[in-house]
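All residue numbers for the sequence shown refer to our numbering, where the first residue is 1331 and numbers rise by one.
Following: one structure in C-alpha coordinates, then a few remarks.
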Amino acid sequence: MHVLFVKNDPSPTAASPVRPLGQRPGDRATPQSTLRLAPSDGSSDLYDPLGVPRQPLLDGDARLVFASTVAASIEGGTAALLRVEKRDALHRQARKLGLRVFDANLIIAIVQDAARRGEVLPTGGKFTREAQKRIDATLSLMPAPQKWSEDAKGLAIIAAVLAVFLLAAFVLLIGP
1331 MHVLFVKNDP
1341 SPTAASPVRP
1351 LGQRPGDRAT
1361 PQSTLRLAPS
1371 DGSSDLYDPL
1381 GVPRQPLLDG
1391 DARLVFASTV
1401 AASIEGGTAA
1411 LLRVEKRDAL
1421 HRQARKLGLR
1431 VFDANLIIAI
1441 VQDAARRGEV
1451 LPTGGKFTRE
1461 AQKRIDATLS
1471 LMPAPQKWSE
1481 DAKGLAIIAA
1491 VLAVFLLAAF
1501 VLLIGP
(Lines of atoms letter the chains of each structure in order from A and count residues from 1; the text may use other names and numbers.)
(Lines give C-alpha, C1' and ligand atoms only; values in the text may rest on other atoms or scores of the structure.)
Protein backbone atom coordinates (compact mmCIF):
# COMPACT_ATOMS: atom_id res chain seq x y z
CA MET A 1 0.00 0.00 0.00
CA HIS A 2 1.29 3.45 -0.90
CA VAL A 3 1.01 6.10 1.78
CA LEU A 4 1.31 9.85 1.37
CA PHE A 5 2.14 11.87 4.47
CA VAL A 6 0.65 15.34 4.64
CA LYS A 7 2.82 17.99 6.24
CA ASN A 8 1.19 20.18 8.87
CA ASP A 9 2.88 23.61 8.78
CA PRO A 10 0.92 26.10 10.92
CA SER A 11 3.13 29.09 10.00
CA PRO A 12 1.24 32.01 8.43
CA THR A 13 3.59 32.07 5.42
CA ALA A 14 2.97 28.44 4.54
CA ALA A 15 0.73 27.65 1.63
CA SER A 16 -2.58 26.07 2.45
CA PRO A 17 -1.89 22.53 3.69
CA VAL A 18 -2.72 19.59 1.48
CA ARG A 19 -5.71 17.72 2.85
CA PRO A 20 -6.51 14.04 2.47
CA LEU A 21 -9.58 13.16 0.45
CA GLY A 22 -12.73 13.67 2.44
CA GLN A 23 -11.26 16.28 4.78
CA ARG A 24 -13.13 19.58 4.78
CA PRO A 25 -11.43 22.98 4.33
CA GLY A 26 -11.80 23.94 8.01
CA ASP A 27 -10.29 20.70 9.33
CA ARG A 28 -6.64 20.72 10.38
CA ALA A 29 -4.30 18.20 8.81
CA THR A 30 -2.41 16.01 11.24
CA PRO A 31 1.23 15.06 10.69
CA GLN A 32 0.26 11.40 10.31
CA SER A 33 -2.72 11.91 7.97
CA THR A 34 -2.63 9.25 5.31
CA LEU A 35 -4.09 9.03 1.87
CA ARG A 36 -4.63 5.63 0.32
CA LEU A 37 -3.35 5.77 -3.23
CA ALA A 38 -4.24 2.33 -4.55
CA PRO A 39 -5.90 -0.80 -3.23
CA SER A 40 -3.57 -3.25 -1.52
CA ASP A 41 -5.51 -6.38 -2.50
CA GLY A 42 -3.43 -7.04 -5.62
CA SER A 43 -5.89 -5.44 -8.03
CA SER A 44 -3.71 -2.38 -8.58
CA ASP A 45 -3.75 -2.95 -12.34
CA LEU A 46 -7.44 -2.00 -12.24
CA TYR A 47 -6.64 1.40 -10.71
CA ASP A 48 -4.30 4.26 -11.48
CA PRO A 49 -1.85 5.43 -8.77
CA LEU A 50 -4.50 7.72 -7.25
CA GLY A 51 -7.09 4.96 -6.93
CA VAL A 52 -9.23 5.94 -9.93
CA PRO A 53 -10.74 2.80 -11.49
CA ARG A 54 -9.61 2.02 -15.02
CA GLN A 55 -12.09 1.32 -17.81
CA PRO A 56 -10.91 -1.83 -19.63
CA LEU A 57 -10.03 -1.37 -23.30
CA LEU A 58 -11.29 -4.08 -25.64
CA ASP A 59 -10.45 -4.56 -29.30
CA GLY A 60 -12.48 -2.09 -31.33
CA ASP A 61 -12.93 0.25 -28.36
CA ALA A 62 -13.90 3.71 -29.61
CA ARG A 63 -11.05 5.31 -27.67
CA LEU A 64 -8.45 3.09 -29.38
CA VAL A 65 -10.06 3.44 -32.80
CA PHE A 66 -10.06 7.22 -32.45
CA ALA A 67 -6.44 7.29 -31.23
CA SER A 68 -5.25 5.31 -34.25
CA THR A 69 -7.29 7.54 -36.57
CA VAL A 70 -5.69 10.62 -35.03
CA ALA A 71 -2.24 9.05 -35.42
CA ALA A 72 -2.93 8.39 -39.10
CA SER A 73 -4.11 12.00 -39.56
CA ILE A 74 -1.03 13.65 -38.09
CA GLU A 75 1.38 15.24 -40.54
CA GLY A 76 4.92 16.52 -40.24
CA GLY A 77 6.54 13.69 -38.28
CA THR A 78 7.71 14.91 -34.89
CA ALA A 79 6.12 18.31 -35.52
CA ALA A 80 2.78 16.50 -35.06
CA LEU A 81 0.76 18.90 -37.18
CA LEU A 82 -2.99 18.51 -37.46
CA ARG A 83 -4.76 20.73 -39.96
CA VAL A 84 -7.97 22.46 -38.94
CA GLU A 85 -9.99 20.54 -41.54
CA LYS A 86 -8.68 17.22 -40.27
CA ARG A 87 -9.28 18.24 -36.64
CA ASP A 88 -12.89 19.12 -37.49
CA ALA A 89 -13.31 15.79 -39.28
CA LEU A 90 -11.82 14.00 -36.26
CA HIS A 91 -14.27 15.78 -33.95
CA ARG A 92 -17.17 14.65 -36.15
CA GLN A 93 -15.89 11.07 -36.07
CA ALA A 94 -15.45 11.22 -32.29
CA ARG A 95 -19.04 12.37 -31.90
CA LYS A 96 -20.19 9.44 -34.07
CA LEU A 97 -18.14 7.07 -31.92
CA GLY A 98 -19.89 8.40 -28.80
CA LEU A 99 -16.86 10.23 -27.38
CA ARG A 100 -17.31 13.49 -25.52
CA VAL A 101 -15.65 16.61 -26.98
CA PHE A 102 -13.32 16.82 -23.98
CA ASP A 103 -12.23 13.19 -24.36
CA ALA A 104 -11.70 13.65 -28.11
CA ASN A 105 -9.46 16.66 -27.51
CA LEU A 106 -7.59 14.78 -24.80
CA ILE A 107 -6.97 11.81 -27.10
CA ILE A 108 -5.75 14.19 -29.82
CA ALA A 109 -3.32 15.78 -27.33
CA ILE A 110 -2.08 12.38 -26.13
CA VAL A 111 -1.42 11.20 -29.68
CA GLN A 112 0.24 14.48 -30.66
CA ASP A 113 2.50 14.19 -27.62
CA ALA A 114 3.46 10.65 -28.63
CA ALA A 115 4.16 11.84 -32.18
CA ARG A 116 6.37 14.65 -30.89
CA ARG A 117 8.36 12.07 -28.93
CA GLY A 118 8.80 10.05 -32.12
CA GLU A 119 6.60 7.20 -30.87
CA VAL A 120 4.18 7.13 -33.81
CA LEU A 121 5.35 4.92 -36.64
CA PRO A 122 5.25 6.61 -40.06
CA THR A 123 2.96 4.04 -41.67
CA GLY A 124 -0.64 3.37 -40.74
CA GLY A 125 -0.87 5.39 -37.54
CA LYS A 126 0.64 2.69 -35.32
CA PHE A 127 2.55 3.34 -32.09
CA THR A 128 5.76 1.91 -30.72
CA ARG A 129 5.23 -0.84 -28.15
CA GLU A 130 6.15 1.38 -25.17
CA ALA A 131 3.94 4.19 -26.43
CA GLN A 132 1.05 1.78 -26.98
CA LYS A 133 1.27 0.61 -23.36
CA ARG A 134 1.35 4.17 -22.04
CA ILE A 135 -1.49 5.30 -24.32
CA ASP A 136 -3.61 2.27 -23.37
CA ALA A 137 -3.05 3.04 -19.68
CA THR A 138 -4.02 6.68 -20.18
CA LEU A 139 -7.06 5.92 -22.32
CA SER A 140 -8.30 3.37 -19.79
CA LEU A 141 -8.67 6.22 -17.28
CA MET A 142 -11.25 7.92 -19.50
CA PRO A 143 -14.88 6.96 -19.17
CA ALA A 144 -16.09 4.51 -21.77
CA PRO A 145 -18.03 6.23 -24.55
CA GLN A 146 -21.78 6.41 -24.54
CA LYS A 147 -23.51 3.39 -26.04
CA TRP A 148 -25.62 5.64 -28.23
CA SER A 149 -23.90 8.06 -30.56
CA GLU A 150 -25.62 11.29 -31.63
CA ASP A 151 -26.52 9.78 -35.01
CA ALA A 152 -28.02 6.69 -33.37
CA LYS A 153 -30.11 8.85 -31.03
CA GLY A 154 -31.42 10.82 -34.00
CA LEU A 155 -32.30 7.65 -35.89
CA ALA A 156 -34.08 6.24 -32.85
CA ILE A 157 -36.19 9.40 -32.52
CA ILE A 158 -37.06 9.33 -36.23
CA ALA A 159 -38.03 5.65 -35.97
CA ALA A 160 -40.25 6.37 -32.96
CA VAL A 161 -42.01 9.25 -34.75
CA LEU A 162 -42.57 7.07 -37.83
CA ALA A 163 -43.99 4.30 -35.65
CA VAL A 164 -46.48 6.75 -34.10
CA PHE A 165 -47.56 7.99 -37.56
CA LEU A 166 -47.98 4.42 -38.83
CA LEU A 167 -50.04 3.52 -35.79
CA ALA A 168 -52.21 6.62 -36.26
CA ALA A 169 -52.70 5.80 -39.96
CA PHE A 170 -53.60 2.20 -39.09
CA VAL A 171 -56.18 3.35 -36.54
CA LEU A 172 -57.70 5.81 -39.04
CA LEU A 173 -57.94 3.18 -41.78
CA ILE A 174 -59.32 0.37 -39.62
CA GLY A 175 -61.39 2.57 -37.38
CA PRO A 176 -61.67 2.68 -33.61
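All residues carry an ideal CB built from backbone N, CA and C; glycine is no exception.
{"Check": "What ranges does the alpha helix (DSSP H) occupy inside the region 1409-1467, keeping only unbroken runs of at least 4 residues that lie completely in it?", "Outcome": "1414-1427, 1431-1446"}
{"Check": "With 16 as the cutoff for other CB atoms within 10 Å, does Asp1418 come out buried or exposed?", "Outcome": "exposed"}
{"Check": "Here's a check: name, in chain order, each residue in its chain whose Cβ is nearer than 7 Å to the Cβ of Lys1416, leaving out the five neighbours to either side.", "Outcome": "Ser1403"}
{"Check": "Determine the closest residue to Leu1420 out of Ala1392, Gln1462, Arg1446, Leu1485, with distance taken between C-alpha atoms.", "Outcome": "Ala1392"}
{"Check": "Drop a sphere of 10 angstroms on the beta-carbon of Gln1362, count the other beta-carbons inside from all chains shown, and report buried for 16 or more, exposed for fewer.", "Outcome": "Note that Gln1362 scores a pLDDT of 44, beneath 50, so its modelled location is shaky and nothing firm can be said."}
{"Check": "Cα separation between Ile1504 and Val1494?", "Outcome": "15 Å"}
{"Check": "Does the Cβ-Cβ distance between Val1431 and Ala1401 come in under 8 Å?", "Outcome": "no"}
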